[in-house]
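Read top to bottom, the protein sequences are chains A and B. Residue numbers for the first sequence follow our numbering, so the first one is 1 and each next one is one higher. Residue numbers for the second sequence follow our numbering, so the first one is 1001 and each next one is one higher. Glycine included, every Cβ here is placed at the ideal spot set by N, Cα and C. One structure is given below, encoded as structure tokens.
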Amino acid sequence: MTVNQLAELLNANKLNIANGEKEVATGYAGDLLSFVMGRAPEDSAWFTIMTNVNILAVATLTDVAVVVVCEGATVDESIIEKAKQQEINLIKTEYDVFNAIKRYLDET
Amino acid sequence: MEKIHLEFDVDGRNFVSAGTATAKVKACLKEMGINPDDVKRVAIAMYEGEINMVIHANGGKALVDIYVDKVVVKLIDTGKGIADINLAMKPGYSTASDDIRQLGFGAGMGLPNMKKHSDECIVESEVGKGTTVTLITNLH
Ligand SMILES: Nc1ncnc2c1ncn2[C@@H]1O[C@H](COP(=O)(O)OP(=O)(O)OP(=O)(O)O)[C@@H](O)[C@H]1O
Ligand SMILES: [Mg+2]
């Protein structure tokens, strides 16, 4: 599944798409950044409810394919702007983490 | 190759710029053609150390030396120091405040991550004086 396909599946708002054709290899869920940092697999979709600026650093360092902000959490314009600069795929869905992942897994 | 030396000031309590030094080092290592797995290890360990300086100390300095066969990252702060280093190294141990936890920090996994993602992780600290973390990562 590509990032674009995942976004569609989750009726997601594409806050920033740097590479929508990137393949999503697997997934990871978490909000505690040091856990995500140490464990999120490369090219995974990272499901979180965190929206502060540090998610971008974590996304870059772990090389996840896309950050999926769940529960329709508010993402600041400044963070979207930074995601653009850093070419990070960032999407936002109204689904909660459990249901977002369920939709993803049902399709894989 | 001569060793390459990089130095960065890490701004304390600035969560927006936290991670900048690590991002620069990552870009530099990548450009040098260093194996992506090694780049990632260095970056993860250094980021955790950089964030710790922002959260727990008042910022500090990051000194990075890149050799042919290893990368040495030294994170030096003059913050409050760590009373019990063994305890601090334990997964799950954290003294982070509630407002820090709301930012997603405080899992107590930073130091364990640094250990896991480096070949040598040396923590030296004196209460009231500061902390120096040295991270050595061998290159493959
Ligand atoms: N540079 C430092 N100066 C002072 N205390 C520190 C420093 N680095 C770590 N500590 C202490 O060691 C504890 C454990 O650090 P560690 O990085 O493992 O967890 P954390 O920073 O609290 O949470 P996490 O890294 O998971 O977000 C910290 O809570 C803090 O008390
Ligand atoms: Mg930490």
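Status (buried if at least 16 other CB within 10 Å, exposed otherwise) for residue i
i, result
"Ile-55 (chain A)", "buried"
"Phe-98 (chain A)", "exposed"
"Thr-60 (chain A)", "buried"
"Asp-1077 (chain B)", "buried"
"Ile-1122 (chain B)", "exposed"
"Met-1032 (chain B)", "exposed"
"Lys-1026 (chain B)", "buried"
"Asn-1014 (chain B)", "exposed"
"Gly-72 (chain A)", "exposed"
"Leu-1135 (chain B)", "buried"
"Asn-4 (chain A)", "buried"
"Ser-78 (chain A)", "exposed"
"Val-1068 (chain B)", "exposed"
"Val-1016 (chain B)", "exposed"
Same chain, Cβ closer than 7 Å to residue i, five either side skipped, listed in chain order
i, result
"Leu-15 (chain A)", "Val-75, Ile-80, Ala-83, Leu-90, Ile-91, Lys-92"
"Ile-88 (chain A)", "Asn-16, Ala-18, Leu-56, Ala-59, Thr-60, Val-67"
"Ser-1125 (chain B)", "Gly-1081, Ile-1082, Ile-1085, Thr-1131"
"Gly-27 (chain A)", "Ser-44, Ala-45, Phe-47, Ile-101, Tyr-104"
Neighbourhood of residue i by C-beta, 6 Å cutoff - its chain only, sequence neighbours within 5 removed
i, result
"Ala-1083 (chain B)", "Val-1127"
"Leu-1103 (chain B)", "none"
"Val-1042 (chain B)", "Val-1071, Thr-1137"
Near ligand 1: residue i beta-carbon under 7 Å from a heavy atom
i, result
"Phe-1105 (chain B)", "yes"
"Ser-44 (chain A)", "no"
"Glu-1124 (chain B)", "no"
"Leu-1111 (chain B)", "yes"
"Ala-1057 (chain B)", "yes"
"Lys-1003 (chain B)", "no"
"Gly-1128 (chain B)", "no"
"Thr-1131 (chain B)", "yes"
"Ile-55 (chain A)", "no"
"Gly-30 (chain A)", "no"
"Ile-1076 (chain B)", "no"
Check: residue i C-beta below 7 Å from any heavy atom of ligand 2
i, result
"Ile-80 (chain A)", "no"
"Glu-1120 (chain B)", "no"
"Glu-1048 (chain B)", "yes"
"Asn-1052 (chain B)", "yes"
"Ser-34 (chain A)", "yes"
Alpha-carbon to alpha-carbon, residue j and residue i
i, j, result
"Phe-47 (chain A)", "Val-1072 (chain B)", "33 Å"
"Ile-101 (chain A)", "Ala-12 (chain A)", "13 Å"
"Val-1039 (chain B)", "Lys-1024 (chain B)", "12 Å"
"Val-69 (chain A)", "Asp-1098 (chain B)", "22 Å"
"Tyr-95 (chain A)", "Gly-1092 (chain B)", "29 Å"
"Gln-85 (chain A)", "Asp-63 (chain A)", "15 Å"
Contact list for residue i against chain C, beta-carbon separation under 9 Å
i, result
"Ala-40 (chain A)", "This model lacks chain C altogether, as its protein chains are A and B."
Whole-number beta carbon distance between residue j and residue i, since they are thought to touch under 8 Å
i, j, result
"Thr-1095 (chain B)", "Glu-1050 (chain B)", "At roughly 18 Å, the Cβ-Cβ gap does not stay under 8 Å, so Thr-1095 (chain B) and Glu-1050 (chain B) are not in contact."
"Pro-41 (chain A)", "Ala-25 (chain A)", "7 Å"
"Ser-34 (chain A)", "Met-1109 (chain B)", "4 Å"
Residues of its chain near residue i, where Cβ-Cβ distance is below 8 Å and the 5 sequence neighbours each way are ignored
i, result
"Met-1089 (chain B)", "Leu-1111, Pro-1112, Lys-1115, Val-1123"
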